[in-house]
Each structure stands twice: as structure tokens, then as C-alpha cells.
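Residue numbers (my numbering), protein chains in the order written: chain A, 3 to 389; chain B, 198 to 584.
Right, here's the structure in full:
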């Protein structure tokens, strides 16, 4: 059966070159990087090599790169670690209302420890309200965490502008750049952030590995204590395969990113254009220009969202309604709610997120299936358009 | 040069059968297990099969198995988050003095936050004293954490008896089984623990994946918050390949346990019996009988442990001194000190942990090269000259 994968914001296949880079570490090179003997030294070297690649990718020094088990751990560490280490300065944290669940739920968990959280509103395009941010800053604000781009609708946030605002204050700034990595150039110096999160499996590296960039001098407590790994900041024997894969994936991105972005954006624009041309009552969610090159989130009016996804899957088209980490949630997406998406469009979003393996022909197939499926579902739906 | 790996407590190579399974999965499966489409469903199916497989080998329910990124994460989770979830009942925690840093450091962190920690002493073999444990229990005791076997001296602790004591006093009992898993028969129901940590890379599985068993009904908060993974208790996209590898590796370890044990014990006993005949002033550390089948640990008087490790490395032999995870810190092991070994003698710690690929010839070779190394090191040792 024909299958088209258009859910790259959920996860990506491991790149062929990454697989090759991992191979030696699956069998003959297996030592614990902490060990003094030569088995440990060769794997330690591989990890430090990967760290250099990631550092170069983010334009920083290798010693500012800390490997974790994924984007979720990195976000948890950044938020809780900054909160607990800087409690003496204040207990107020600002984030946006469209963050990934790992940021939102870390913030909510901190409420139990006496922290106060401000959730910034966004406009109808999913752009964070900068004026609201300025007004929200208080004497006891210790951390701002705003995602670099939104994983569901692709809107890219004004991170540089936010760090300009924060420059005048003694406030740490974390950005969750999981959705952006590989699709937007990430330069921590230019962005002006103190902490930045990326994840391996969104950039064609294995699952189970992530990175937290921590600027020099940032006061942060451990999330995982014990052992000297990662400069004593994150205990646990290193995920050797994952880390080697992450380094290679960053190396490939530095080489191919520009070319891939161009190709993927063309496909995305083509898909979007075809859908708009062929299906009525659709709405694009997210900012039309300041948006990830691979993402288009489209609501199909007068269709039941769940039924649409199931039917697309039956036809071999793999897409998502939103974040995989929140699937099974009966509620409409918190991102679309924050964007005030109209009622007839809020329950039927489809997120198409493309990758370098996709082809134009696949886009045609998606459109063909969509036309057929939407038509059929609209014939049977209870949500009739009032004429 | 001949290379002999005798540091299996630090990490193990991936078993060939596990390796080929991981390679096959890596080729075909890349979906996010939480995605609601074909690619997600097939990933989710494999994830749950792995969970069911390992749960049944541990004689518990699959819903009691939570996958994590390392033994250190599991231990951090168990200690810190049982403490916070049960602080309404009390603030006293008992751990043994010879725990791994990933248990001790979280306990120290809790101490700063107002919890009271009792470090239970051990005898000269590294065994905890059950009577002493009973005496240390207070009304406020909410958690006991004692390892199943010690990574540095191989001593096996009376887990079943501890569990009974904990149960009588309605105290939650966690055991760090990282060193024991794959070598000892582990029936979690029969052991009677409430939480138990296992890490894949110590039984010929991949690094970067581990689990925490949480008995149904045990009060614990999440360490990593965010998405709905792991029954809402441990967020983050699942390390699918790692998890599948771990389950397979454990299955093989159980299948071959008896055979491995017989082989390893025979090789290990040669070291324990023959080294003292060839080297004077060398002492076995840990329990002479009640120890891990693959574990031979010694203190060599008048010699520096790290010097022995580096010297042996030049002869192609990889072994350890003190814990792998603290081998960067040049101080006497807290495990040996707790056993009453003098700080000076403890400096001479050397650990040989054997694995399934080791042979009689490997042992012959070690027995041949090690005594002259000790002799040479003693010749340049000021302590030896004085004595």
C-alpha cells in the first residue's frame, strides 16, 4: 500500500549517513566514556567530537553543550533548574500560552513550589504579544521561556527582539527550539538566549537524545544528580549511539540545510496552494510569512477532525492534528485556542509537516486523497454549513 | 595488541542478537509512538511488546514498568519524587552508605531541602545490618533505598528481608538493581520491593535506556513533565530502539543466566584464588561468597589504583578502580571507606568484572602481566619503601 509520511514535526527517519556514523558504536566501540582505559577513551573522544559538531551548529563553544535524553528533559531542566537555583532572586516566570507540554507542565509543576507563572497571550497568527511581555516583567521575574517556533502551526517567534528587551534586566531567557532546528538557522549569540533546547529525533538523529545549551555563568541546578558526567551537571552514562547520531545530524544540517529548506518550502507552498485551490472552507493556521518552511496547519471547516485523520491514515497519508505528545487529548489544541481560531475551524486542524524525503508527487497524492475524503465527510457530517 | 575487556560493571558491549534486532528496527520503524497514524501505531506496538516482555520476565504488570534514559535518572526519580510525594507523612529517608552517587547525591539534595537522611553503615564485607536498619526506622521514615548488589565490591544485599521490614513499617522501599540485573534472578513480586531500577547497558543492551519499576499504588511524582508518555508519568518521546534493545538483551540474559553464571564464577574464582598467591598484600574486597558471579575486586597495598588501571591498559587490559562513575575524582571510594578499609589501602582499589566473551586465556594473561606491574609500581612507591 502507498504510504506518505508528512508528520516530520512528530519524528523523522534516521538519516542514512547518521546510521553509518552510529554503526561502529553499536558493536566494537562500546566502552563507558567515563573510564580511563582505551575502551573508554575512544568513546569519550566520539562524544566530544559530537559535542563540537553541535556547538558549531549552534555557534557556541563545546563546553556550553549538554547532552540529555531529549527535548522534554532539556525543557524540564532549563525551567526547573533555573527556578530552583535562582529562588533567592524571585519566583516569577514568564512563558507563552502556546508552548510545548514539556514547558507548560514544568511551569505548572513549579506552581506547587510557590512560583508564579505568567502565560503570555498570542495573536491570531500565533505570535507572542511583545507589549504584554514588557508589561509582565517584574522585579522578581527570574526566567522567560518562549519557544523559537511553534510545533503545531509553525509560527516563528521574535526571539531576538525578546532578548533585546530582556537585556536591560537580570532575567534568564530560555527558548525551546525543538521545532526550529534544521529549518531555521540557530545562532545562540545572535539570538541572545541563555538557554536553548534541541532534540535529536526531529533532525534525523535517533530518539532518546537532546541538547541543552547553557550560556557560561548561568546559575542552574541539576535535574539529575550524581556522577561527573556532562561537567557534573547531568548524571547518567551517556547515550553513546544517540549522541554520536546527534553530532552527525548537525554536521549534515550545516552542509545541506540551505538546499533542503529551499526544496521543502517549495513543496509546502505547492501543497498549500493545491489545497486552497481545490477545497473550500479551509483556513491556514499560523503566520503566513514568519513560519517554518516545512509546516502548514490547515483547518477543514465542517468536518470532524478525528474522522479526517483516521480516513487519511486509511488512505496511507500520515499527518497529525497537533503535538504527538498531547495526542489522545479530547480537548481542542491549546495553541489554536490561544490563537482564538473560530469555532468552525478549531476542531479540525491538520498539521502537514514535510521533510527532505518528500516529493512533489507525494504532495499530489495527499491533495487527491484530501479532496476525496473531505468531500465524503462533509456529506455525512452533522456540522452543516448554514447557507 | 591483544585487547581484553574486564570492566563489565562499567558497561557491556551490545549482544549480537540485540544488535541485529536494533538494526532491523532502525531500518523500518521511525514513527513517534504517540502519533495517531500507521507509522505511530507500528512504533507503539513494538514499544508495548517490549514493555510486556520485560515486565513478564520481572514478574510484574506492564503498567508498572516505566522507561527512562539511565539508571541515574531512575534513581533520581525514585528518591526525589517519592520524597516529595510523601512529605505529608514524614521527612526521614534511609539509604545505605555504599549506594551509587545517583542515589547519594539526590539524597544530599533532599537534605538541603529539609529532609533527614540516615546513611546505614555496612560491615567489612559491605553487607548492611538488618538489626541496625530496624533501629534506624522512625515514625517519620518514608523511604528506604538500598541497592541489590554493589557495583564496586560485588556484595549482594538481603533485599527480601529489607522489603519485609519496610512493609511491616509501611515504608516505601526502592532498590537500585543496576549491578544485579542480568546476573541475579530478579522476581520483583517475590523480592517485595516498591521501586526497582534497571539499566540496559550493564546486561549487553544499548546505553541511554533504563527503567524504573513502580509498584501499583506507590505514591510518586514525575521527575520529567510534559507529554502523555509512560502513562503520564515520564514525558518525552520514547527511545524506541533503545527500549526494544533493552528488552531483548534482558530476555537473553534470563535465558542464559545459569550458563553465564557457571562460566563467570569459574573465571572469577581463578582470580580470587590465584592473585593472592602471586601478589603479597592483596586483599579481596566485598563478600567472599555472597557476591556477583562476575565480580572480583581487590585492594593492593602500597599501590595507587589509577596507576594499576593505566599500566594494565598499556598491556591491553581494561579494568577499573573505584566506581566507573567517579573515576575522575582522585579520592578514596566511599564504598571502601564505609566498609572500614583505611583510606591508604582504599587507594589501591582494582576491580575486574568479567563478561560473557572472556576466556580462560584472558585470565591466564592477566595473571601473567598483573603481578610484575604491581612489583614495578611498588618499586617506585614511597609507601612501600617505608614499610
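Ideal placement from N, C-alpha and C gives every residue a C-beta, glycine not left out.
Through-space distance from residue 78(A) to residue 301(A), alpha-carbon basis
Position 299 of the first chain, counting from 1, holds the residue named residue 301(A). Position 76 of the first chain, counting from 1, holds the residue named residue 78(A). Near 31 angstroms, if we compare the C-alpha coordinates of residue 78(A) and residue 301(A).
Quick check on DSSP: helix, strand or coil for residue 546(B)?
As a working note, residue 546(B) is residue 349 in the second chain. Strand.
Nearest to residue 313(A) by CA position, among 242(A), 378(A), 65(A), is which residue?
Here residue 313(A) corresponds to residue number 311 of the first chain, with the count starting at 1. Nearest option by C-alpha distance: 378(A).
With a Cβ-Cβ cutoff of 8 angstroms, do residue 206(B) and residue 517(B) count as a contact?
Looking up residue 206(B) in the second chain gives position 9. Looking up residue 517(B) in the second chain gives position 320. Contact flag set, yes.
Can you list the alpha helix (DSSP H) stretches of 4 or more residues lying completely in the stretch 325-395 of chain B, in chain order?
327-333, 356-365, 385-388
In this structure, does DSSP put residue 496(B) in helix, strand or coil?
What you label residue 496(B) is simply residue 299 of the second chain in a count that begins at 1. Residue 496(B) falls in the strand class under three-state DSSP.
Just the C-alpha distance for residue 289(B) and residue 363(B), rounded to the nearest angstrom, thanks.
Along the second chain, read from residue 1 onward, the residue named residue 289(B) stands at position 92. Along the second chain, read from residue 1 onward, the residue named residue 363(B) stands at position 166. Taking the straight line joining both Cα atoms gives about 13 angstroms.
Identify, in the order they occur along the chain, each residue of the same chain with its Cβ nearer than 8 angstroms to the Cβ of residue 204(A), setting aside the five sequence neighbours on each side.
As a first step, residue 204(A) must be located in the first chain, where it is residue number 202. Correct list, in chain order: 10, 11, 13, 14, 73, 180, 181, 183, 184.
Beta-carbon contacts of residue 376(A) that lie in its chain and below 8 angstroms, excluding the five residues immediately before and after
For the purposes of this step, residue 376(A) is taken as the residue at position 374 of the first chain. 281, 302, 305, 310, listed in sequence order.
Should residue 166(A) go down as buried or exposed, given a rule of 16 or more other Cβ atoms within 10 Å for buried?
Here residue 166(A) refers to the residue found at position 164 when the first chain is read from its first residue. So residue 166(A) counts as exposed.
Based on the DSSP output, what are the partners of residue 299(A) in its beta bridges?
Residue mapping note: residue 299(A) aligns to position 297 of the first chain, counting from 1. The partner list for residue 299(A) (beta bridge, DSSP) reads 287(A), 353(A).
Are the stretch 343-355 of chain B and the stretch 281-296 of chain B in contact at 8 angstroms, needing three or more beta carbon pairs?
yes
Extent of the continuous alpha helix (DSSP H) run through residue 238(B)
Here residue 238(B) corresponds to residue number 41 of the second chain, with the count starting at 1. Looking at the DSSP string, the run of the alpha helix (DSSP H) that includes residue 238(B) is 235-254.
Can you say whether residue 210(B) is buried or exposed, counting buried as having 16 or more other CB atoms within 10 angstroms of its CB?
As a position in the second chain, residue 210(B) is number 13, starting the count at 1. Buried.
Close-in-space but distant-in-sequence residues of the same chain around residue 551(B) (CB under 7 angstroms, 5 per side omitted):
Position 354 of the second chain, counting from 1, holds the residue named residue 551(B). Correct list, in chain order: 203, 205, 461, 464, 465, 491.
Report yes if the CB atom of residue 200(A) is closer than 8 angstroms to the CB atom of residue 220(A), and no otherwise.
Here residue 200(A) corresponds to residue number 198 of the first chain, with the count starting at 1. Here residue 220(A) corresponds to residue number 218 of the first chain, with the count starting at 1. Cβ distance not < 8 angstroms, so residue 200(A) and residue 220(A) don't count as in contact.
Measuring only the C-alpha atoms, how far is residue 284(A) from residue 216(B)?
Stepping through the first chain from its first residue, residue 284(A) is reached at position 282. Stepping through the second chain from its first residue, residue 216(B) is reached at position 19. Their Cα atoms are separated by approximately 47 angstroms.
Under a Cβ-count criterion, where at least 16 other Cβ atoms within 10 Å of its own Cβ denotes burial, should residue 26(A) be classed as buried or exposed?
Position 24 of the first chain, counted from the start, is the residue given in the question as residue 26(A). Flag for residue 26(A) reads exposed.
Using DSSP with H/G/I as helix, E/B as strand and the rest coil, what is residue 323(A)?
Numbered from 1 along the first chain, position 321 holds the residue referred to as residue 323(A). Looking at residue 323(A) - three-state DSSP - the assignment turns out to be coil, as it is neither helix nor strand.
Alpha carbon to alpha carbon, how far is residue 304(B) from residue 310(B)? Give it in angstroms, no decimals.
Position 113 of the second chain, counting from 1, holds the residue named residue 310(B). Position 107 of the second chain, counting from 1, holds the residue named residue 304(B). Each residue's Cα considered, the two are about 10 angstroms apart.
First and last residue of the uninterrupted beta strand (DSSP E) at residue 213(A):
In the first chain, the residue the question calls residue 213(A) occupies position 211. Unbroken beta strand (DSSP E) run through residue 213(A): 212-216.
With a threshold of 8 angstroms, are at least 3 pairs of Cβ atoms found where one atom belongs to the stretch 434-445 of chain B and the other to the stretch 478-493 of chain B?
no
Can you have a look at residue 350(A) and say buried or exposed, based on whether 16 or more other CB atoms are within 10 angstroms of its CB?
Along the first chain, one-based indexing puts residue 350(A) at 348. It is buried - the Cβ of residue 350(A) has at least 16 other Cβ atoms within 10 Å.
Which residues mark the beginning and the end of the alpha helix (DSSP H) in which residue 407(B) is found?
Position 210 of the second chain, counting from 1, holds the residue named residue 407(B). Careful: residue 407(B) lies outside any alpha helix (DSSP H), inside the beta strand (DSSP E) at 407-411.
Taking 8 angstroms as the cut-off, decide whether the C-beta atoms of residue 85(A) and residue 121(A) are in contact.
Position 83 of the first chain, counting from 1, holds the residue named residue 85(A). Position 119 of the first chain, counting from 1, holds the residue named residue 121(A). For residue 85(A) and residue 121(A), no; Cβs fall outside 8 angstroms.
I'd like to confirm the pairing. Which residues does DSSP put opposite residue 240(A) in its beta bridges?
Counting from 1 along the first chain, the entry for residue 240(A) is found at position 238. Looking at the DSSP assignment, residue 240(A) forms no beta bridge with any residue, so it has no partner.
Starting from residue 122(A), follow its DSSP beta bridges and name the residues at the other end.
As a working mapping, residue 122(A) is identified with position 120 in the first chain. BP columns for residue 122(A) point to 98(A).
For residue 143(A), the three-state DSSP class (helix, strand or coil)
Within the first chain, numbered from 1, the residue matching residue 143(A) stands at position 141. DSSP places residue 143(A) in strand when its eight states are reduced to three.
Hey, how far is the Cα of residue 410(B) from the Cα of residue 256(B)?
Taking the first residue of the second chain as position 1, residue 410(B) is located at position 213. Taking the first residue of the second chain as position 1, residue 256(B) is located at position 59. Whole-angstrom Cα-Cα distance: 11 angstroms.
Identity of the residues DSSP links to residue 481(B) by a beta bridge:
For this step, residue 481(B) is matched to residue 284 along the second chain. Paired residues: 495(B).
Going along chain B, which residues have a C-beta under 7 angstroms from residue 392(A)?
Any property of residue 392(A) remains undetermined from this structure, which presents chain A solely from 3 to 389.
Going by DSSP, which residues form a beta bridge with residue 517(B)?
The sequence position of residue 517(B) within the second chain is 320, counting from 1. Answer is 548(B), bridged to residue 517(B).
N-terminal and C-terminal residue of the alpha helix (DSSP H) that residue 45(A) is part of
On the first chain, residue 45(A) is found 43 positions in, with the first residue counted as 1. First-last of the alpha helix (DSSP H) with residue 45(A): 40-60.
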